[in-house]
Amino acid sequence: MYIVLLGAPGSGKGTQASLLGKKMNIEHLSTGDLFRAILADTEHLLYPDVQVIKEGKLVSDEVVNRVVEDGLRGERFKKGAILDGYPRTVAQAKALDDILHKLGKEIDVVIDLDVTKAVLMERLLSRRVCPECKRIFSVKDGIDFCPDCNVELIIRDDDNEKVIEERFKEYQEKTAPLKDYYMSSGVPYIKTKIDDVDITPAEVNQLILEKLDKTKPDKVG
Ligand SMILES: [Zn+2]
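Numbering follows the working numbering, in which position 67 of the sequence shown is assigned residue number 68; successive positions increment by one, without gaps.
Shown next, in the form of structure tokens:
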């Protein structure tokens, strides 16, 4: 089963991807991980194309698509994949359709984590991070020091209202065409609205699984 997960920064997309992956026994495909694996292997066919990252440069869409294709051809993703952070654009979504088509597969479902701005704002503004191990806490945890490192937790510079607002707006603008693309393509589209700041990742996961169960995409595996 091939799943595309959409969600704004701070929506808990990564957490949901790994929870879903475990429940459904499919691997989480992160482009970041794919890039890191290639960069660690100078013999890799795509190494010359991606090594510009080391110089702090961005790779082209074409290279990102090739990296994803290479990943999807691997044994790990034979049974399926949960894609998060890719595709980001309609062009990438079309490329992904082509890649899967070549492999005799298709997207089975798109899951849209639709977290309201109010929830994102409250969640991110209450975020505290350990400057040592980077572990993330919430003011709700009621602790001021990292239990592992014993250093004081801090607020990240970009966890402020203005930056969050901008990131949210940018996400909405960039993703709108992608959402339209998927909604008009006929692929099952699950929208999970999250407007309660106290909902836990486990509860969100449960919501998604219930909706998935109702959708029952037929091509599982
Ligand atoms: Zn720490």
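Where a beta carbon is used, it is the ideal one built from N, C-alpha and C, also for glycine.
- Where residue 41 is concerned, there is no enclosing alpha helix (DSSP H), because DSSP gives it neither an H nor an E.
- Cβ neighbours of residue 26 within its own chain (closer than 7 Å, five residues either side excluded): none.
- Residue state for residue 129 is assigned as strand, using DSSP reduced to three classes.
- Rounded to whole angstroms, the gap between the alpha carbons of residue 205 and residue 189 is 19 Å.
- With a threshold of 16 other beta carbon atoms within 10 Å, residue 82 meets it and is buried.
- In this structure, residue 136 has its CB closer than 7 Å to one or more heavy atoms of ligand 1.
- Relative to ligand 1, the beta carbon of residue 149 is positioned inside 7 Å of a heavy atom.
- Taking the Cα positions, residue 22 is about 6 Å away from residue 28.
- Minimum Cα-Cα distance from residue 149 among the listed residues 163, 132, 157, 141 corresponds to 132.
- In the pairwise beta carbon analysis, the segment 96–107 is classified as not touching the segment 171–184: fewer than three pairs are separated by under 8 Å.
- For the options 52, 54, 68, the alpha carbon positioned closest to that of residue 30 is the one of 68.
- Approximately 18 Å separates the beta-carbon atoms of residue 110 and residue 195; this is outside 8 Å, ruling out the contact.
- Fully contained in the segment 74–103 are the following beta strand (DSSP E) runs of length 3 or more, in chain order: 82–85.
- The segment 141–148 makes no contact with the segment 42–54; the number of CB pairs closer than 8 Å stays below 3.
- If only complete runs of 4 or more residues are kept, the segment 160–194 shows the alpha helix (DSSP H) at 162–186, in order along the chain.
- Just so you know, the alpha carbons of residue 10 and residue 169 end up roughly 7 Å apart.
- For residue 32, same chain residues with a beta-carbon under 7 Å away, outside a window of 5 residues either side, are 65, 68, 69, 86, 87 in chain order.
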